[in-house]
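Line order of the protein sequences matches chains A and B. Residues 4 to 367 (our numbering) are what the first sequence spells out, left to right. Residues 107 to 295 (our numbering) are what the second sequence spells out, left to right. Yeah, the Cβ is synthetic: ideal placement off N, Cα and C, and Gly gets one too. Since the structure is predicted, the reported quantities are computational estimates derived from the model, not experimental observations. The next block holds one structure in the form of structure tokens; read it before the comments.
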Amino acid sequence: MSDNQLLEQIERYLNGEMSNDERAHFEVLRSENADVNKKVAEHKHFVNLIKQYGERLELEKRLNALHSEIDVHSLEEELMIHPSWIVSIWRNHHSKISVAASIAIFAVLSTLFFTGYLNNKEVNYVKLSRELDHLKNSTDQINHKLNNLNRSGKGNSNPGNFRGTGFAISSNGYIVTDYHVVKDADSVYVQGVDGKSYRTKVIYSEPGADIAVLQITDPAFKSFGPIPYAFKKADTDIGENVFTIGYPRDAMVLGPGFLTASTGFRGDTTQYQVSTPVDFGNSGGPLLDSKGNVIGIINAKETHVEGAAFAVKSSYLLKTIQDIPDSLKGSLNLNSKNILASLSRVQQIKKMQNYVFMVKVYNQ
Amino acid sequence: MSKELNSGIPTDSEVILGILNNSDSVLKRLYIAYFPMVLQLIINNNGNADDAKDIYQEAIIVLYNKVKTGDFELSSKLKTYIYSVCRRLWLKRLAQMNRYGGDIKDFQEYLSVDDETEKNNERDIQFNKMGSALQLLGEPCKTIIEDFYINNRSMQQICEDFGYTNADNAKTQKYKCLQRLKKLFFQQN
């Protein structure tokens, strides 16, 4: 039996076209011959696949016919999510809007720049008195109270709520510092490089120039001895080699530098700008020129500019001292003899370190 | 969802009966009823109207085959089912085209329908093979096979159309064609 004949038989068998005899005969053949049986199954499957393929083509044809009846374009218009008017304005005009916005921003910035608004550095300007941690602070207050109760408050070494620097202006116990250091103080102590601490009182202050004058009221105090530096009356020129010493931390620290501008922050004519490194705690420290004349009092720095510190000019210090009423002034005699002029920096500091104090301020 | 065509939407059971009975009018109403929903899904998710047509027809075919083979159980609304199948197919298509941005704007609730689209995919592969095997077969074999097996024409009619002198010749020719078709079909990978 050829392949074709077999195929014909299989087809007739599957289509139910065989007579009963033939059918019985074929079924015997099928059960005896596994090969034939397999061919029957294969053929059935394949013919089915052809039929299904045909049906699929037919279905696709029908669907395409149906599809052509739908007005897809208008449906599409209707169903597309249309962005809100603001989005469509942006899409259509974004280049113009961008240009307009850039011009507006540029105009605002240049206006701000030329009006000097951008130079506003108020927030960057900090007074250099030192505020210590809260915890330490409260412990100190307790200590201080205890000390007071024990009447042994003199000479205590606790650091105070605020700290600044001050320096002697006369041998009999007058010390000058910044007003902002001693502002709102309940009690003010000064502590020298030797660790000795004296109680003082604020006898006069000039908030406008940020200057305060203290007098040591401690009975233990005798005299400083002759002050080695003098106070310069005239303004100092830009470029002068200057230095300050002060107490930004527990030890005395030297801050060398140059006088970099004859006016202070935002053109303040009562101040100089100096390039000395200063930190909180340097406030009230003396600013001296290379000859050892006091030319100013350190009072502030600009936080965002490296090495831009400010000092109140000594002429304002002298003016403040003159303004002290005689009733308060007592025996304040300003030193005018400078013995540092020909000394080296090291010697100058050695001579003057006994006259520069850590100012410790307590308030409740 | 106010943008649907509300007229002539067939009920779900109407659709199933209609498919089983090969009803043209039900198929038409079904097709027209849910196409806008699918169009809305596709065109608002990086596709165009032609994509919508392809996807929608594929989904209708999935539904059609499931109903025909009798294993279709309506566990949700037919609308939800069609939407879900289309959504699934479109996500797959987007991923293939690398246009899938990670999210899809939805307009209907949907179910998870993974396996059904997979099954349909296999069948599509078989049909593609059959289509290309028939193309390779060439005339007159292609027409003989199509007429006999698909269009259910008798050997007698085919014999007359092709001018064979007798039906036996035509039969012999048909079997030769069928053998060649099988060979071409199974040669493909």
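Any C-beta of chain B sitting closer than 9 angstroms to the C-beta of phenylalanine 165 of chain A? no
Let me confirm a value: phenylalanine 339 of chain A is counted as buried when at least 16 other C-beta atoms fall within 10 Å, else exposed. Which label applies? Residue identity differs from the one stated: residue 339 of chain A is serine in this sequence, not phenylalanine. The residue is exposed, with fewer than 16 neighbouring Cβ atoms inside 10 Å.
Please give me, in chain order, every unbroken run of the beta strand (DSSP E) with length at least 3 that falls completely inside the segment 290-320 of chain A. 296-305 and 312-316
Would you mind reading off the limits of the alpha helix (DSSP H) that contains asparagine 244 of chain A? First-last for asparagine 244 of chain A: 244-249, but that is the beta strand (DSSP E), not the alpha helix (DSSP H).
Can you give me the C-alpha to C-alpha distance between leucine 343 of chain A and lysine 354 of chain A, rounded to a whole angstrom? 8 angstroms
Please report how far the alpha carbon of threonine 279 of chain A lies from the alpha carbon of aspartate 189 of chain A, in whole angstroms. 31 angstroms
Any idea which residues DSSP pairs isoleucine 215 of chain A with across the strands? Residue identity check: residue 215 of chain A is alanine in the sequence provided, not isoleucine. In DSSP, alanine 215 of chain A forms a bridge with A/Thr180 and A/Ser208.
Nearest-angstrom beta carbon gap, tyrosine 275 of chain A and alanine 237 of chain A [assumed within contact, 8 angstroms]: About 13 angstroms; that fails the 8 angstroms criterion.
Where serine 173 of chain A falls: helix, strand or coil (DSSP): strand
I'd like the list of long-range same chain contacts for tyrosine 182 of chain A, defined as Cβ closer than 7 angstroms, with 5 residues on each side in sequence excluded. Ser208, Glu209, Pro210, Asp213, Ile214 and Ala215
Are the CB atoms of glycine 284 of chain A and arginine 166 of chain A nearer to each other than 9 angstroms? yes
Classify glutamine 356 of chain A as helix, strand or coil using the three-state DSSP reduction. helix
Neighbour flag for isoleucine 264 of chain B against chain D, beta carbons, 9 angstroms: Considering every chain present, this structure includes no chain D. Its protein chains are A and B.
To which residues of the same chain is glutamine 294 of chain B closer than 8 angstroms at the C-beta, ignoring the five residues directly before and after it? Lys235, Ser238 and Ala239
Going by CA-CA distance only, name the one from A/Tyr232, A/Tyr250 and A/Met255 that's closest to asparagine 296 of chain A. A/Tyr232
To which residues of the same chain is leucine 320 of chain A closer than 7 angstroms at the C-beta, ignoring the five residues directly before and after it? Val179, Ile214, Phe234 and Ile300
Looking at the structure shown, is valine 50 of chain A part of a helix, part of a strand, or coil, going by DSSP? helix
Pairwise C-alpha distance: threonine 168 of chain A and lysine 157 of chain A: Confidence in lysine 157 of chain A is poor, its pLDDT being 37 and thus under 50, which makes the residue's placement too unreliable to answer from.
Any idea if leucine 1 of chain A is buried or exposed, counting beta-carbon neighbours within 10 angstroms, 16 or more meaning buried? Residue 1 of chain A cannot be examined here, being either before or after the span of chain A that is shown, 4 to 367.
Residue range of the alpha helix (DSSP H) that includes alanine 254 of chain A: Where alanine 254 of chain A is concerned, there is no enclosing alpha helix (DSSP H), given that its DSSP letter is neither H nor E.
Glutamine 214 of chain B: contacting residues in chain A (beta-carbon distance under 7 angstroms): Here the premise fails: no neighbours, minimum Cβ distance about 13 angstroms.
Where do the ends of the alpha helix (DSSP H) carrying valine 277 of chain A lie? From DSSP, valine 277 of chain A is part of no alpha helix (DSSP H) but of the beta strand (DSSP E) over 274-277.
Under 8 angstroms (Cβ pairs) to chain A, residues found in the segment 141-152 of chain B: Phe141, Pro142, Leu145, Gln146, Ile149 and Asn150
Write down the C-beta distance between leucine 217 of chain B and arginine 286 of chain B rounded to the nearest angstrom, noting that I regard them as a contact closer than 8 angstroms. No, leucine 217 of chain B and arginine 286 of chain B are not in contact; Cβ-Cβ is about 44 angstroms, not under 8 angstroms.
Would you say threonine 278 of chain B touches the ligand NAD, meaning its beta carbon is less than 8 angstroms from a heavy atom? Absent from the structure shown: the ligand NAD. Ligands present: none.
Test: aspartate 177 of chain B CB closer than 9 angstroms to a CB of chain A: no
Neighbour flag for aspartate 24 of chain A against chain B, beta carbons, 9 angstroms: no
Using a C-beta to C-beta distance shorter than 7 angstroms, which residues of chain A count as neighbours of alanine 155 of chain B? Val75 and Glu79
Is methionine 21 of chain A close to chain B? Criterion is C-beta to C-beta, closer than 9 angstroms. no
From the DSSP output, in three-state form, read off alanine 264 of chain A for me. strand
Counting beta carbon pairs with one atom in the segment 36-55 of chain A and one in the segment 246-263 of chain B, are three or more of them shorter than 8 angstroms? yes
Nearest to lysine 312 of chain B by CA position, among B/Ser181, B/Val168 and B/Tyr187, is which residue? Nothing about residue 312 of chain B can be reported from this structure: the residues present for chain B run from 107 to 295 only.
Quick check: the Cα distance between glutamate 72 of chain A and leucine 136 of chain B, rounded to an integer number of angstroms? 13 angstroms
What does a CB cutoff of less than 8 angstroms around valine 191 of chain A pick up in its chain, not counting 5 residues either side in sequence? Val185, Arg202, Thr203, Lys204, Val205, Leu217, Val362, Lys363, Val364 and Tyr365
Contact set between the segment 245-257 of chain B and chain A, restricted to residues whose Cβ is under 8 angstroms from the partner: Ile251, Glu252, Tyr255, Ile256 and Asn257
Residues of chain A with CB closer than 9 angstroms to the CB of isoleucine 138 of chain B, please, in chain order. Leu69, Glu72 and Ile73
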